[in-house]
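Residue numbers (the working numbering): 379 to 688.
No residue lacks a Cβ here, since even glycine has one placed at the ideal position from N, Cα and C.
Remarks on the structure that follows.
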Amino acid sequence: MIKKFIALLFIMSPVIVFANASIDSLPALADSAAPSAKQKIYYEKNGDSFTCNKPKTFDFLTHIPGDAVGYTKQSFQKQNLYKLGIIAASTAVLIIFDQQITDGVQSFARYNGISATEDFTPIVTVKLFGKKTNLGKMPHNVNTAFYNLGQGSSVVLMAAGFLIAGKIKHDNRALQTASQLGESFLALGLGTQLMKYGTGRENPSAASIPGGRWRPFPSMKDFQNNKTKYDAFPSGHLATFVSAVTIISQNYPTVKWVKPLGYTISALLSFAMMNNGVHWASDFPMGFALGYGFGKFITKKNHIRLTSAM
């Protein structure tokens, strides 16, 4: 019973501390007379100030098409091409050594008694489209705990925490953060699935050759029924989690522990996904870039405007 409680506390800890950012930083803020009923001005302790609009109920859905197009266009602008080059080069180098890296990670894990088996007890199970879906999992080992940190349920719970805090405190910033977390979760979920379908890379657990075979654009039936043969590249787990860290750190820049904690968890998540054979190391640069880039784009665009205090 004690082990289960500790495991639950571990898996919930990032949700608790990230959502707590919306509350812990509030004393450092002061609201001025808002320019409109739906807009507030916030003042940080460091002297910066910014305005934040209250999001509409379905902004997290309606903003997806425009933001997806805008982010894609921005990514291919001349001044950003060198970044794409860095992502491509790092991915290419890692592909060469993928099998050795995966073997090394898994050997290290076995030597230290870190099981690769995903072992958990469902906490909440619902039926979606005729299939049982676990919205919460109680991990029974360390690797499962790390792996679950990148599951969509963690980001959904973070968004719920900011939404509740925003409603209670009438805080536009927390509400906007919740909306942006929801948007990034849905947009990146769809975007990475399309990229997985377009690349068709085998997971390490299903690899038929060292480094995994690439089979672009398989039949939809095969893609749905044999996921491990086609959905390694890029890492949607990492993209979603890094986007959440980016959104929170951009909206709460004076909460300094968000980035160190978030990136540490991202590294542990990446380790877990190599250990359990879900991803290769070369799946991560693109996943990280998608999450970081999209998170930066929507926090800058969607009604957040930083200004200098006088």
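Original post:
What residues in its chain sit with their C-beta under 6 Å from that of G669, if we drop five residues either side in the sequence?
Top reply: Taking the first residue of the sequence shown as 1, we reach residue 669 at position 291. Hits under 6 Å: A617, V620, S621.
Original post:
With C-beta atoms as the reference, is P582 less than 7 Å away from T480?
Top reply: Here residue 582 corresponds to residue number 204 of the sequence shown, with the count starting at 1. Here residue 480 corresponds to residue number 102 of the sequence shown, with the count starting at 1. Yes, the pair counts as a contact, with Cβ atoms nearer than the cut-off.
Subject >> Boundaries of the beta strand (DSSP E) in which T632 is found, first to last residue >> reply: The sequence position of residue 632 within the sequence shown is 254, counting from 1. First-last for T632: undefined, no H or E at that position.
Subject >> As assigned by DSSP and simplified to three states, the class of Q428 >> reply: Stepping through the sequence shown from its first residue, residue 428 is reached at position 50. Residue 428 is actually Phe in this sequence, not Gln. Strand at F428.
**OP:** Could you tell me the distance, in whole angstroms, from the CA atom of G482 to the CA atom of A523?
**Re:** Position 104 of the sequence shown, counted from the first residue, corresponds to residue 482. Position 145 of the sequence shown, counted from the first residue, corresponds to residue 523. Near 21 Å, if we compare the C-alpha coordinates of A523 and G482.
Subject >> Own chain residues within Cβ distance below 8 Å of L553, not counting five before or after >> reply: Taking the sequence shown and counting its residues from 1, the one referred to as residue 553 is at position 175. K432, P433, F540, L541, G544, K545.
**OP:** Identify whether T577 lies in helix, strand or coil by the three-state DSSP scheme.
**Re:** As a first step, residue 577 is located in the sequence shown; it is residue number 199 there, counting from the start. It is helical.
Original post:
Is R591 near A610, with beta carbons less than 7 Å apart?
Top reply: One-based indexing of the sequence shown puts residue 591 at position 213. One-based indexing of the sequence shown puts residue 610 at position 232. For R591 and A610, no; Cβs fall outside 7 Å.
Original post:
Any contact of the region 524-535 with the region 644-658, i.e. 3+ C-beta pairs under 8 Å?
Top reply: yes
Subject >> Own chain, CB closer than 6 Å to F438, minus 5 neighbours either side, in chain order >> reply: Taking the first residue of the sequence shown as 1, we reach residue 438 at position 60. Cβ within range, chain order: S557, G560, E561.
Subject >> Segments assigned alpha helix (DSSP H), at least 4 residues, entirely inside the region 612-663 >> reply: 614-629, 636-653
Original post:
Which stretch, first to last residue, makes up the beta strand (DSSP E) that contains L418?
Top reply: Counting from 1 along the sequence shown, the entry for residue 418 is found at position 40. One detail in the question is off: residue 418 reads as Lys in this sequence, not Leu. 417-421 is the extent of the beta strand (DSSP E) around K418.
Subject >> Coarse secondary structure for I515, derived from DSSP in three states >> reply: In the sequence shown, counting from the first residue as 1, residue 515 sits at position 137. First, the residue type needs correcting, since residue 515 is Lys and not Ile in the sequence shown. Looking at K515 - three-state DSSP - the assignment turns out to be strand.
Original post:
Around the C-beta of S485, are 16 or more other C-beta atoms found within 10 angstroms, so that it is buried, or is it exposed?
Top reply: Here residue 485 corresponds to residue number 107 of the sequence shown, with the count starting at 1. With fewer than 16 other Cβ atoms within 10 Å, it is exposed.
**OP:** Could you pull the start and end residues of the alpha helix (DSSP H) that Q478 belongs to?
**Re:** The residue you call residue 478 lines up with position 100 of the sequence shown. Taken as a continuous stretch (DSSP letters only), the alpha helix (DSSP H) holding Q478 covers 459-489.
Subject >> Closest Cα partner of G528 within the set Y489, S644, A487 >> reply: As a first step, residue 528 must be located in the sequence shown, where it is residue number 150. Cα-wise, what sits closest to G528 is S644.
Original post:
Would DSSP call I384 helix, strand or coil?
Top reply: Indexing the sequence shown from 1 puts residue 384 at position 6. With a pLDDT of only 45 at I384, under 50, the local geometry of the prediction cannot be trusted, and no value is derived from it.
Original post:
Do K497 and H518 have their C-beta atoms within less than 7 Å of each other?
Top reply: On the sequence shown, position 119 is the one that residue 497 refers to. On the sequence shown, position 140 is the one that residue 518 refers to. Rather than Lys, the amino acid found at residue 497 in this sequence is Asp. Against a cut-off of 7 Å, the Cβ pair of H518 and D497 comes out as a contact.
Original post:
In its own chain, which residues sit with a C-beta less than 6 Å from the C-beta of R593, not counting the 5 before and 5 after it?
Top reply: One-based indexing of the sequence shown puts residue 593 at position 215. Excluding residues within five positions, the ones whose Cβ falls inside 6 Å are G578.
Subject >> Check whether G671 and S613 have beta carbons under 7 Å apart >> reply: Working through the sequence shown from its first residue, we reach residue 671 at position 293. Working through the sequence shown from its first residue, we reach residue 613 at position 235. Cβ atoms of G671 and S613: not closer than 7 Å.
**OP:** Could you tell me which residues DSSP puts in a beta bridge with F498?
**Re:** On the sequence shown, position 120 is the one that residue 498 refers to. In DSSP, F498 forms a bridge with P517.
**OP:** Output the distance between the C-alpha atoms of Q457 and S531, rounded to the nearest integer angstrom.
**Re:** As a position in the sequence shown, residue 457 is number 79, starting the count at 1. As a position in the sequence shown, residue 531 is number 153, starting the count at 1. So the two alpha carbons sit approximately 36 Å from each other.
**OP:** Please work out which residues of its chain come closer than 7 Å, Cβ to Cβ, to N654, disregarding the five sequence neighbours upstream and downstream, and give them in chain order.
**Re:** What you label residue 654 is simply residue 276 of the sequence shown in a count that begins at 1. Contacts found: A494, E496, N521, Y525.
Subject >> Backbone CA spacing between C348 and K461 [nearest angstrom] >> reply: This structure cannot settle anything about residue 348, because the visible part of the chain is limited to 379 through 688.
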